[in-house]
Amino acid sequence: MRIIILSFSLIFCLLSDAFSQEILVSGEVGDATNGEKVIGATLLFNGEKGISTDQNGQFSISLSSGTYDLKISHIAYESQEVSIEINQENPSPIIVKLIPKATFLNLVNITGSKFEKDIMDEVISVEILSAQLIKEVNSPRFFSAMDKIPGVKITDGQASIRGGSGFAYGAGSRVQMVVDGMPLITADRNDIRWNFIPIELIDQVEVLKGASSSLYGSAALIGVMHVRTVFPSEVPETEIRTFYTHFGKPKREELAWWNTAPNEFGTSVRHMQQFGRFDLVASGNFIKTNSYLQNADQDQQRVSIKTRWRPNKDVGFTIGLNANFMHSNEADFIFWENANEGVYIPFSGNGTGGEANGLILFERNQLTIDPYLTYKTKKGNEHELKTRFYDLRTLNFVDNTIAQQFNAGYNYKTRLSDRIKLITGINAQKVLIDDPDGAGNRSGTLGALYAQAEYVVEKFNTNVGFRYEYFDVSGTERRAIPVFRWGMNYKTSTSSSLRASFGQGYRFPSLAEMFLDKSDEVVPIFPNPDLKPEYGWNAEIGFKKQVGTNTWKTYLDAAMFLMDYYDMIEFRPGIFLPTDPNPDGSIL
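45 is the number of the first residue of the sequence shown in the working numbering; add one for each residue after it.
Okay, here's the thing in structure tokens:
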């Protein structure tokens, strides 16, 4: 209860900063070479009042009439300084064109605070993976590209940030996966379907390291991965990429059970174009895997579409609909046959007719439909409503599984004064599971409200956030959890900054973890409806330094952090409560 009182007390103290009604001045900042809008550019008037451009490259600020020395800067562009006159009778919009620096990384992110922000100003560790790097390393799948980020590891489909989750096969993800501002984890297992993420549409990936449930809710126990996809520029673009992978024989040649070398190949294509106020992005992806794991061949076909309609360029409504569909044949390799020549052969168990019990084959359909609506006022306030329907079905079992998830979130962003920004929101989620041969018919309901305020003065910025989330599992388990977050950043120079932060996290157990019952299988799985949520917290201090020359720049980052997690969930073979069906100690 003390956390709740302290959080809202600090937020309301920040709101007491006085602000006056003056002339509302607006404008936009663009790229001088291609006309694209520049996100996160900083405009400083007379070295005192400042503002940053939003996701549309636009800004608005209240100023008194008079002459101002205006400095416009962005980490990826050459700075500009101009003198402007603010006229009370007819304030003209300020239009700025910035010249890009020769070579530089895109270090603007939205994940750390849900506001567009230079990564040098973040209060928590954030890493950015650009689309250019993904292309250069020719990663056909999203998870293989994530290994390029320091501190991030994907092991057999499970994500770990700073080693915070370890490996627990079958458990839900402790990293929240977000695509274009909405969660994308499955309804039944709460895991990440990596192949379903449209890698060909990625603009950049932002990884937030540390417990972040105050902003992103359950599953953000150890961090967040936020995929931001592309929108078209004024010039239409079509891109086709293809790849081929050949697997050679292992050093121990007796492990090679195949006669024809395993291989993998695939193709992706995307097209982006603007039609006046209407934006369209469409893509397709195909991958075929002839696996080095016996009987584990896979294939997938995925199509994606993004649309956006902007009736008014600067203010008013933006309406859009995104959709993603994939059909796939997949294989889960669970146990090997033996440690000698059977490393790449699945365990045969008691199966007959060549059946492999160490391998599970799936035929799946996955679909997401994402309608969204934003409204931006003339004063720069923003209302955002996003929804997502996620449907996952298995098609090759006698009793097939249907897992459906309905997500809706409303966010309100506003600038209360030149120094204070506030974001508040509510989230709702409904989960429906139809799994006759496993977890049964189950449902879950989630509701949350949150608020975060940010205070900026000269070289210093700090923010505080709070979230209250309620979860109900089929009427048998109900939880209400408050979480808190605080952080600060101080610019020690134009190219370096210090930061410190503290955040709490939690994860509700998935429906599969609680209710999945495969006790009659060769590899039995037993339900545990008494599972408790996982909890944790993260504290860190860090230093970031921008280094380089006039034509090349990067950054160095050092951090000390402390993480503490408890009530962690794992599948434990050979351990059964309250009674052991195999008292002789056998696992199978």
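By construction, the Cβ of each residue, glycine as well, lies at the ideal position given by its N, Cα and C atoms. The model shown is predicted, which means the values in this text are computed figures rather than measured ones.
Buried or exposed (CB count within 10 angstroms, at least 16 for buried), residue i
i	result
glycine 453	buried
glutamate 166	buried
methionine 604	exposed
alanine 602	exposed
alanine 447	buried
glutamine 548	buried
tyrosine 416	buried
tryptophan 530	buried
alanine 203	buried
glycine 360	exposed
alanine 231	buried
tryptophan 596	exposed
aspartate 162	buried
serine 209	buried
threonine 77	exposed
valine 196	buried
Alpha carbon of residue i to alpha carbon of residue j, nearest angstrom
i	j	result
isoleucine 389	threonine 304	16 Å
proline 184	serine 106	48 Å
asparagine 440	aspartate 376	14 Å
valine 274	isoleucine 243	11 Å
aspartate 113	valine 126	6 Å
serine 70	phenylalanine 103	6 Å
leucine 555	alanine 263	13 Å
methionine 226	lysine 141	32 Å
glycine 310	phenylalanine 559	37 Å
isoleucine 613	arginine 543	32 Å
glycine 79	serine 117	17 Å
asparagine 334	tyrosine 550	39 Å
phenylalanine 528	serine 256	9 Å
isoleucine 236	methionine 269	11 Å
lysine 179	aspartate 247	11 Å
glutamate 298	serine 518	51 Å
leucine 177	isoleucine 284	17 Å
leucine 411	isoleucine 138	43 Å
tyrosine 609	arginine 437	33 Å
lysine 350	glycine 482	35 Å
valine 222	proline 480	29 Å
lysine 420	glutamate 426	4 Å
valine 475	proline 526	21 Å
isoleucine 198	arginine 233	17 Å
serine 136	alanine 120	27 Å
Backbone secondary structure at residue i - three-state DSSP
i	result
alanine 29	Here the chain has residues from 45 to 632 only, and residue 29 is not among them.
asparagine 182	coil
alanine 447	strand
glutamine 99	coil
glutamine 228	For clarity, residue 228 is leucine in the given sequence; the question names glutamine instead. In the structure shown, leucine 228 sits in coil (DSSP, three-state: anything other than H, G, I, E or B).
glycine 398	For glycine 398, the predicted model reports a pLDDT of 40, less than 50, meaning its position is unreliable and no value from the coordinates is stated.
glutamate 614	coil
glutamine 132	coil
leucine 149	Unreliable placement is indicated for leucine 149, whose pLDDT of 48 sits below 50; the coordinate value is still reported in the next sentence. Looking at leucine 149 - three-state DSSP - the assignment turns out to be coil, as it is neither helix nor strand.
asparagine 90	coil
tryptophan 238	helix
alanine 11	This structure gives no information on residue 11, because the portion of the chain shown stretches from 45 to 632.
alanine 367	strand
leucine 177	helix
phenylalanine 515	strand
Contact set for residue i: own chain, Cβ-Cβ below 7 Å, skip 5 residues either direction
i	result
lysine 115	Leu88, Ser123, Glu125
glycine 586	Ser169, Arg543, Asp601, Ala602, Ala603
asparagine 100	Lys81
arginine 321	Trp353, Arg354, Pro355
valine 181	Ala189, Lys192
arginine 486	Ile477, Ser518, Leu555, Phe559
alanine 340	Ala375, Phe377, Leu403
glutamine 132	Ile67, Ser109
Cβ-based neighbour list, residue i, same chain, cut-off 6 Å, excluding 5 preceding and 5 following
i	result
glutamate 498	Lys465, Asn507
histidine 371	Gln345, Asn409
glutamate 308	Thr289, Thr333
phenylalanine 515	Leu490, Arg523, Phe552
arginine 352	Asp323, Gly364
lysine 93	Asp462
tyrosine 434	Thr412, Gln449
isoleucine 378	Gly402
Residue i at chain B interface by Cβ criterion, 9 Å
i	result
isoleucine 378	In the structure shown, chain B cannot be found, because there is only a single protein chain.
Can you give, in chain order, each stretch of the beta strand (DSSP E) that sits fully within the segment 262-350 and has at least 3 residues? 267-273, 281-290, 307-319, 322-334
In the segment 434-502, which residue ranges form an unbroken beta strand (DSSP E) of at least 3 residues, counting only runs that do not cross its ends? 446-459, 464-479, 484-501
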